[in-house]
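First the structure, in the form of structure tokens, and then the observations on it.
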Amino acid sequence: MSGSLAGKIALVTGAGSGLGKTIAKGLAEHGAMVVLVGRRENHLAETQKIIEAAGGKAAIYKADVSDRASVDGLAQYVLTNVGVPSIVVNAAGIYGETEPISNSAPDLWVNTLMINTAGPYFICRAFVKEMIQQGWGRIVNISSAASLSNPKPTNSAYAVSKVALNHFTRQLAVEVEGTGVTANVMHPGEVKTEMFEAIRQASEANGDMKRWIDWVEDTGGDAPEKSTDLIVNLTKQESDGVNGRFLWIEDGLKPPLKSWD
């Protein structure tokens, strides 16, 4: 398949569903060979089937991004059998704990940070050295406006995980500055994915998020394809200097909030 990303390898976590699936399909449509990563092999296979039916190329690898050994296995497979990724998108994530800290489930709280923060760390650690040696690359970590907003009573694990992800990405951006590799975070908008459905179900027991859920429902949410557009724009030469930034999709429902820029 021809396109602006022809000849490039993209690795997308969480590619079996939701935002990760949409991004993986979009990058394949632009010509990238996409490595689909996730915990549910049947979901990854469905994404692969869609990509290949459209004339694209994709490989699947079942991995748990929160498990270092699993990510090490992924890296060995990709670097040996596919090649060095030029684009890495960390889209795997969960909303996790929805109770006040006093009533929270510690295992779920910690697991949220393991998937949302440690997961991108493991993935970036596994590939960034080879990306630097390659001389060009784009790392995009999916964050959330929740990391820039005032705290809410019941989303401590998710918000903390994304705040930490932001700072990790800024740290990584400093380390790769001038190498041809960039690292940024982005808010994908108010997208109606599996995570949205999980938040909706949690809100039935806890009403803190109900106003946001109703707003997204009334508006229809943001198109997840806008995230692909943003990532593709980052691969253009004019975006070479975009590094260590908090990025927003174009014309999203939520106006950009102040970050560190």
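With this note's numbering applied, the sequence shown corresponds to residues 1 to 261, in that order. Quick reminder that beta carbons are idealized off the backbone N, C-alpha and C, glycines included.
- Its Cα nearest to that of residue 233, the residue 30 stands out among 20, 18, 30, 109.
- Rounded to whole angstroms, the separation of the alpha carbons of residue 103 and residue 20 is 31 Å.
- According to the DSSP assignment, residue 51 belongs to the alpha helix (DSSP H) that extends over 41-53.
- Within a 10 Å sphere around the beta-carbon of residue 184 sit 16 or more other beta-carbons, which makes this residue buried.
- Non-local beta-carbon contacts of residue 4 in its own chain, meaning distances under 6 Å to residues more than five positions away in sequence, involve 30 in chain order.
- For residue 170, no beta strand (DSSP E) run applies; the uninterrupted alpha helix (DSSP H) run containing it begins and ends at 156-176, by DSSP.
- Beta-bridge partners assigned by DSSP to residue 36: 12, 60.
- The alpha carbon of residue 114 has as its nearest neighbour, out of 131, 92, 182, the alpha carbon of 92.
- Taking the C-beta atoms as reference points, residue 54 is found no nearer than 8 Å to residue 82.
- Taking a cut-off of 8 Å for Cβ pairs, the region 119-127 and the region 147-154 do not touch, as fewer than three such pairs fall below it.
- Put simply, the region 169-187 touches the region 240-248. At least three CB pairs are less than 8 Å apart.
- Going by DSSP, residue 137 is part of the beta strand (DSSP E) stretching over 137-142.
- Remark: C-beta atoms of residue 190 and residue 253 approach each other more closely than 8 Å.
- Within the model, the alpha-carbon separation for residue 62 versus residue 44 is close to 8 Å.
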